[in-house]
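Written below as structure tokens is the structure these notes are about.
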Amino acid sequence: MRSENLAVMLTDMQGFTAATARQSRDENARMMALHDALLAPVLRAFRGQRVKSIGDAYLVLFASPTRALLCGMAIQDRLWDYNRRAEPDRRIEVRIVVTLGEVTLVRSGRDKDVYGEAVNLASRVETLTKTYQTPVLLTQHTLNSIRDPADFSIR
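Taking our numbering, I'd label the letters of the sequence shown as residues 63 to 217.
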């Protein structure tokens with residue numbers, strides 16, 4: 063068990079519950095495999111450490127809040143490119159929240175988990191992506207920690 067100050071990213075697939083209710087298990091498995099195929103390479107490219115999946119959500123850690131923001135933007139770019147060519151019922155939209163704070167990473171064999179206020183805050187703030195109609199949402203503390211925030215279009 064160790065504690066570190068890290069950026070915490072929580073991703074959540076929009077409409078996942080409704081989609082799973084109308085699809086077969088095989089269709090759900092294909093949708094999750096596609097979701098993984100689209101997001102995993104981007105997370106790796108930005109050195110995100112996927113701690114766990116919670117249904118359709120990912121909990122990912124980054125050493126840098128700037129890297130987490132850039133990764134979130136790259137995920138949205140990748141999904142935009144995929145969705146513009148996909149059939150409407152095959153599109154995938156993901157909401158992303160990035161928080162920052164001290165977290166405790168726990169490993170037990172192959173299993174990993176993370177605890178801390180930044181994790182709890184990410185979970186609660188995720189619902190605000192709908193309110194503010196934004197695909198990537200940062201807390202103020204995270205924004206204040208971004209290197210060169212003027213380089214980004216932030217509202």
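Backbone N, C-alpha and C define an ideal beta-carbon position, used for all residues, glycine too. All values derive from a computational prediction rather than experimental measurement.
So, residue i versus residue j, is the Cβ gap smaller than 8 Å?
i    : j    : result
E188 : L68  : no
R112 : V122 : yes
Name the two residues that bound the continuous alpha helix (DSSP H) containing residue i.
i    : result
A148 : That residue, A148, is in no alpha helix (DSSP H); it is neither H nor E in DSSP.
Can you give the Cα-Cα distance for residue i and residue j, rounded to whole angstroms?
i    : j    : result
A102 : K192 : 24 Å
V181 : D210 : 24 Å
S170 : V176 : 12 Å
T128 : I208 : 5 Å
Just to confirm my understanding: we take residue i, look at its own chain, exclude 5 residues before and 5 after, and list those with CB closer than 8 Å. What are they?
i    : result
N145 : R153, I154 and E155
Note down, in chain order, each residue of its chain lying with its Cβ closer than 7 Å to the Cβ of residue i, except the 5 sequence neighbours on either side.
i    : result
G134 : M71, I158, V160 and V198
Cutting at 6 Å between CB atoms, please list the residues of its own chain near residue i, excluding the five before and the five after it.
i    : result
S65  : E164 and T166
A130 : A69, M71, F124 and V160
So, helix, strand or coil for residue i, using DSSP?
i    : result
M93  : helix
M75  : strand
D173 : strand
E188 : coil
Would you kindly report the start and end of the unbroken beta strand (DSSP E) that includes residue i?
i    : result
Q111 : Q111 to I116
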